[in-house]
Every structure is written in structure tokens, then in C-alpha cells.
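Residues in the sequence shown are numbered consecutively from 26, following my numbering.
A short write-up of the structure that comes next.
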Amino acid sequence: MTNRQKSKTALVLSGGGSRGAYEAGVWQALVDLGIKIDIVTGSSVGAINGAMVCQGDLDDTINLWREIQTHMVFDVPEDSQLIDYAKLIFSNGGAGISGLKALLEKYIDEERIRKSPVDYGLVVMERASMKPHYLYKEDIPKGKLIDYILASSSVFPAVHPYEIDGVEYIDGGYADVLPVDLAMKKNPSSIIAVKLNAMGILKKEPLKKAKDITVIESSWNLGSTLIFDTNNSRRNMRLGYLDTLKTFGILDGSYFAFAKGDFSRMDIRWADPCARIFRMDPCLIYSKESFLRMLPEAVANAQQEVDEAWEAFKSIRRIHVRIPDYIQDIKSAAGPRAICRVIAENIKEKGLDSIFMSNAVIALIPEQVIAARFLVKYGIV
26 MTNRQKSKTA
36 LVLSGGGSRG
46 AYEAGVWQAL
56 VDLGIKIDIV
66 TGSSVGAING
76 AMVCQGDLDD
86 TINLWREIQT
96 HMVFDVPEDS
106 QLIDYAKLIF
116 SNGGAGISGL
126 KALLEKYIDE
136 ERIRKSPVDY
146 GLVVMERASM
156 KPHYLYKEDI
166 PKGKLIDYIL
176 ASSSVFPAVH
186 PYEIDGVEYI
196 DGGYADVLPV
206 DLAMKKNPSS
216 IIAVKLNAMG
226 ILKKEPLKKA
236 KDITVIESSW
246 NLGSTLIFDT
256 NNSRRNMRLG
266 YLDTLKTFGI
276 LDGSYFAFAK
286 GDFSRMDIRW
296 ADPCARIFRM
306 DPCLIYSKES
316 FLRMLPEAVA
326 NAQQEVDEAW
336 EAFKSIRRIH
346 VRIPDYIQDI
356 KSAAGPRAIC
366 RVIAENIKEK
376 GLDSIFMSNA
386 VIALIPEQVI
396 AARFLVKYGI
406 V
């Protein structure tokens, strides 16, 4: 293969504020998988993480996301809650980002980015005209790179617009929260796009027309985009790491991560909702042995809920003849854990004759039934 034909991989990073920790976890996994990034584009926090990727500073990126807090990013008092932040937005027309600027000046080296062999691009939008600008590092005036990253991260009206040479700019996500098109301008042979499912304009056409694109996104809610919490950041980094390993076939699972090949495909389909219903830790990698060892304790933690639900279920059964009404009242009377336990006990006792094995019930509460069948299969109940 000639140099001209050499394959190039692009990494496209979504905007999403504090959810950007997830992208750091994705990058860490890509490094561990030996996947070299030749092009990186991003909007908002994706532009920040993209700059770190361009520099190759993985350790600094991980450490930054482990330590960052809301007051270190926005000009708000320490320990501010979302309601305090909302009050500040309405009273002052948004928060300042002097803290974020100080962080970028500490961690981002413009000269290193310009010398890096990795192509780096970002998106900003003019506030007055709403005109988007898709820029690679060579398009940005020297000495202004951090300014443009800050402009791309200015999620107005939550924060003030960012002014560069007399022009006010706002968050690039308002134009293109996942700038796949920008990456395609550099003719990559493959694209890895990280979605944070945050506010912004998601252009679907580039996702469709890209020939070789892998999309990584979390099944979990990654939390508020405006509150930077160290515990949530660490969780999101771990989820990003595990989701990447699942996406590239190293691990099994959807919400949860299972050792490759330990469970059959059907068991994975049953185990995943079971773990979610019984609130197991999504940041662990479960072998079949460890999962079946830890699940009984998680199930036992729901015993009080089950005890409280039993009598309610008995009275509900007496007054209903229509299955949809019966299931709706069950869902109103108890949470998913209790429902799943009760279903499992019923299936264990009655087998295929259980009302919960009927197609009508499965259609109404599929996850609880699937999880219950897993509990019965492995003798958890």
C-alpha cells in the first residue's frame, strides 16, 4: 500500500458538556486497542477533548476529567447545584468561563497541536448571523486556537457568548453537534463517532453517507451536561471505555459488560435487563462466574419491596380479568425489582402455565419477564 493509499482513521467527538468524560474513556480504550487516530474533529467539549487527542496527552486528559468540578469550569460558587446555576443564568445572562479558559491554557499547547501529524478541526457559530464555521487548525489564525476552542464551547445562554476580534461566537453544537462532515473533508478511510446524546443539531445525512463509520454511544443516562461532578465523570469515563470494548467485539453486553463468550447470546439478552433491574454496577466486567455469584445478593436486596408487593398483587388479581389492566395496576403497585421477583416465583411454580409466560404479558413488560426467566434458569429464586 502506498502512502497515498494509506488508511486514515477519524475520531469525531460530540458536544455534551460534562458528559465529555465519556469521550476520554473511549479514547483510552482506542489507545489500548492500538487504534491510531489520524483526524479528530469535535464541537464544544468534543473540541476540547479533540485538542487533547491531537496533542496525544491521554494521561493528562484522564487526570483532568477525574478532578474537574463545576466551579473550575464556570464562574459559579463552589458546590453550586443546578438550581443555583439556573438562577445565575437568568440573572446575569449566562455564566462566565474564565475557569475553563485557565484550564485550557494549562493543558493545551497551540504549538504542539499545529505541529502534530493529527488533523484537528472544530465548529463554531456566529451569534448574530447564526453562520457556522467549520475550521481545521490551519484555518485558525496563529495565537487564536484556544479562543476558538472556547468559542466552540460557549453554550449560550448557559454561558456568555465568546468574542473573537469583535465577533461573538456560540457553541458549535448549535450548528453541528457531531461534525462527521468536517472529518470527511480529510478523506478518512474509517470514522469512529462518539455520541453524547446532548442538546444540539445532529446531522443524520453524514452518518448515513459515511462508508465505514462506527458509532459509540452509551445506553445509560450520562447525567447533566452542566454539572461537573468527579464521581459522575469517573463513572462516565469507565462507561466510555467499556462501551468501546463492546463496540469492537472485545466484550459482550449492552448496558453491562460481560466477558466475551462466557454467556450464550440468549443468556446475554436475558442477563443484561436482569442486571439493570437489580441495580448492579455497570462499571464492572462480569465473567459468568462473578455475575452468578453477585446477582443473588442484588436480588436479595429487593426482598422488602417484594414482601410489600405480594398482598397488593393478590388483590389486583381478584379485581381484573383483562391482562393489560392487570399489568398496569401491577406496575403502579410496585417497582421493577419487586415485579421481576414475583414473576420469577410464579414462573418457578407454574412453568409454562404461568400467566407471565403469555405473549400478551411479555409484550407489556418484556424486560421483567426476561429477567425473571434468567433468575429461574440459574436457580436464583
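All C-beta atoms in this analysis are idealised placements derived from N, C-alpha and C, irrespective of residue type, glycine included.
If you check the beta carbons only, do residue i and residue j fall under 7 Å apart?
i: residue 248; j: residue 145; result: no
i: residue 141; j: residue 68; result: no
i: residue 95; j: residue 252; result: yes
i: residue 269; j: residue 41; result: no
i: residue 396; j: residue 293; result: no
i: residue 300; j: residue 399; result: no
i: residue 203; j: residue 126; result: no
i: residue 401; j: residue 373; result: yes
Taking residue i as part of the beta strand (DSSP E), name the residues at either end of that continuous run.
i: residue 157; result: 157 to 161
i: residue 68; result: 64 to 68
i: residue 218; result: 215 to 220
i: residue 189; result: 187 to 189
i: residue 149; result: 144 to 151
i: residue 377; result: Where residue 377 is concerned, there is no enclosing beta strand (DSSP E), given that its DSSP letter is neither H nor E.
i: residue 35; result: 34 to 38
i: residue 242; result: 238 to 242
i: residue 195; result: 192 to 195
Answer yes or no: the CB of residue i versus the heavy atoms of the ligand MN, is any distance below 6 Å?
i: residue 125; result: For the ligand MN, the structure offers nothing, since it holds no ligand at all.
Since residue i and residue j should fall inside the 8 Å C-beta cutoff, what is the C-beta to C-beta distance between them, to a whole number of angstroms?
i: residue 149; j: residue 207; result: About 12 Å separates the two Cβ atoms, so there is no contact after all.
i: residue 281; j: residue 311; result: 7 Å
i: residue 2; j: residue 219; result: Only positions 26 to 406 of the chain appear in this structure, which leaves residue 2 out of reach.
i: residue 132; j: residue 97; result: Incorrect: roughly 12 Å between the Cβ atoms, too far for contact.
i: residue 138; j: residue 170; result: 6 Å
i: residue 193; j: residue 152; result: 4 Å
i: residue 338; j: residue 358; result: 7 Å
Between which two residues does the alpha helix (DSSP H) containing residue i stretch?
i: residue 126; result: 123 to 132
i: residue 325; result: 313 to 325
i: residue 388; result: 384 to 389
i: residue 48; result: 46 to 57
i: residue 205; result: 205 to 209
i: residue 302; result: 290 to 302
i: residue 282; result: First-last for residue 282: 282 to 284, but that is the beta strand (DSSP E), not the alpha helix (DSSP H).
i: residue 232; result: 229 to 234
Counting only the same chain and skipping the five closest in sequence on each side, list residues whose C-beta sits under 6 Å from that of residue i.
i: residue 36; result: 62, 65, 217
i: residue 305; result: 323
i: residue 26; result: With a pLDDT of 40 at residue 26, under the threshold of 50, the predicted position of this residue should be treated as unreliable, though the coordinate-derived value follows. No residues qualify anywhere along the chain.
i: residue 389; result: 352
i: residue 237; result: 215
i: residue 31; result: none
For residue i, which residues from the same chain have a beta carbon less than 7 Å from its beta carbon, with the 5 sequence-adjacent residues on both sides left out?
i: residue 360; result: 330
i: residue 403; result: 317
i: residue 199; result: 150, 225, 226
i: residue 385; result: 348
i: residue 307; result: 245, 264, 280, 281
i: residue 387; result: 394
i: residue 287; result: 312, 313
i: residue 298; result: 392, 395, 396
i: residue 327; result: 303, 362, 363, 366
Would you tell me roughly how many angstroms separate the C-alpha atoms of residue i and residue j, rounded to the nearest one?
i: residue 367; j: residue 51; result: 39 Å
i: residue 283; j: residue 242; result: 17 Å
i: residue 28; j: residue 48; result: Any reading at residue 28 needs caution, since the residue's pLDDT is 47, under 50, leaving its predicted position unreliable; the model's value is listed next. Approximately 29 Å between the Cα atoms of the pair.
i: residue 383; j: residue 228; result: 42 Å
i: residue 266; j: residue 168; result: 34 Å
i: residue 99; j: residue 187; result: 13 Å
i: residue 73; j: residue 129; result: 8 Å
i: residue 234; j: residue 246; result: 28 Å
i: residue 201; j: residue 179; result: 14 Å
i: residue 255; j: residue 239; result: 28 Å
i: residue 314; j: residue 223; result: 36 Å
i: residue 33; j: residue 291; result: 36 Å
i: residue 161; j: residue 221; result: 22 Å
i: residue 205; j: residue 53; result: 21 Å
i: residue 86; j: residue 232; result: 27 Å
i: residue 289; j: residue 321; result: 20 Å
i: residue 60; j: residue 155; result: 36 Å
i: residue 362; j: residue 271; result: 26 Å
i: residue 210; j: residue 158; result: 14 Å
Near residue i, what residues of its chain come up, given a Cβ to Cβ distance below 8 Å and the 5 sequence neighbours on each side ignored?
i: residue 258; result: 43, 46, 90, 91, 93
i: residue 165; result: 173
i: residue 370; result: 406
i: residue 134; result: 80
i: residue 364; result: 334, 355, 356, 390, 393
i: residue 285; result: 274, 275, 276, 277
i: residue 55; result: 36, 62, 217, 269
i: residue 410; result: In this structure the chain extends from 26 to 406, so residue 410 is not present and cannot be described.
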